[in-house]
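Engineer: All residue numbers for the sequence shown refer to the numbering used here, where the first residue is 3 and numbers rise by one.
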Amino acid sequence: MTRPPGAVSHLGSFLVAAALVLVVLTGCGGDDTVAVTTSDGPPSRGAQLASESCSSCHGQSFEGVDKLGPALRDNGFVRDHSDAELVAFIKEGRPREADDNRTGVAMPPYGGNTRLTDEDLVEIVAFLRTLQ
Ligand code: HEC
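1. Taking its Cβ as the centre, do 16 or more other Cβ atoms sit within 10 Å of Arg96, making it buried, or is it exposed?
2. Output the distance between the C-alpha atoms of Arg98 and Ala86, rounded to the nearest integer angstrom.
3. Measuring straight from C-alpha to C-alpha, what distance separates Gly79 and Thr132?
4. Alpha carbon to alpha carbon, how far is Ala100 from Phe64? Give it in angstroms, no decimals.
5. Going by CA-CA distance only, name the one from Asp102, Phe91, Gly66, Leu74 that's closest to Pro110.
6. When the Cα atoms are used, what is the spatial distance from Phe129 to His83?
7. Can you give the beta carbon distance from Leu51 to Asp122, rounded, assuming they're within the 8 Å contact cut?
8. Tell me whether Val107 sits in a helix, a strand or coil according to DSSP, three-state version.
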């Protein structure tokens with residue numbers, strides 16, 4: 003009994019072709035990832051959370067809104083406090099009658115969004131640092 007000529011090499015060609023298809027598919031996946039990433043990168047989670055929970059008073063670009071909230075860009079209070087202090091401040095807010103209230107408008111606890119977790123606040127504070 004002899005093996006039909008070419009049987010082994012056919013199987014071999016098939017495996018080589020399958021391997022090539024895999025290499026090409028994997029390569030395309032990598033290219034796609036590069037293609038959707040912009041040079042600035044996507045907004046951080048802290049930036050997204052701050053836009054959702056803080057922009058209404060502090061401004062879309064955190065430049066401040068008259069009679070609602072001071073600018074968080076280039077802000078001495080942010081610069082002068084540690085990350086932990088800022089997280090604690092955001093949780094507590096600053097009532098209108100507080101001695102250190104400067105505008106006569108209250109900063110509500112958690113900016114009014116009590117669903118924000120400690121982890122969320124740490125990410126928001128990291129984002130505020132990028133505005134200084
Ligand atoms: C309902 C409006 C409102 C929202 C929403 C709000 N804030 Fe404020 N925030 C204020 C006001 C008003 C002050 C200033 C209080 C004062 O006069 O001292 C303030 C002050 C601050 C300060 C201190 C700045 C300074 O110069 O004293 C920080 C930091 C801050 N807010 C962060 C945040 C963050 C982070 C969020 C979102 C999680 C947020 N705020 C949401 C109204 C708001």
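Just so it is clear, CB atoms sit at the ideal spot from N, CA and C, and this is done for glycine as well. Treat the numbers as computed from the prediction; the structure is a model and nothing was measured.
Structural biologist: Considering the structure as presented:
1. By the Cβ-count criterion, Arg96 is buried, with 16 or more other Cβ atoms from all chains shown falling within 10 Å of its own Cβ.
2. 23 Å
3. According to the sequence displayed, residue 79 carries Phe and not Gly. Straight-line Cα distance between these residues: approximately 14 Å.
4. 23 Å
5. Checking every option, the nearest Cα to that of Pro110 belongs to Phe91.
6. Using only the alpha carbons, I get a separation of about 14 Å.
7. 5 Å
8. In the three-state scheme derived from DSSP, where H, G and I count as helix and E and B as strand, Val107 is classed as coil.
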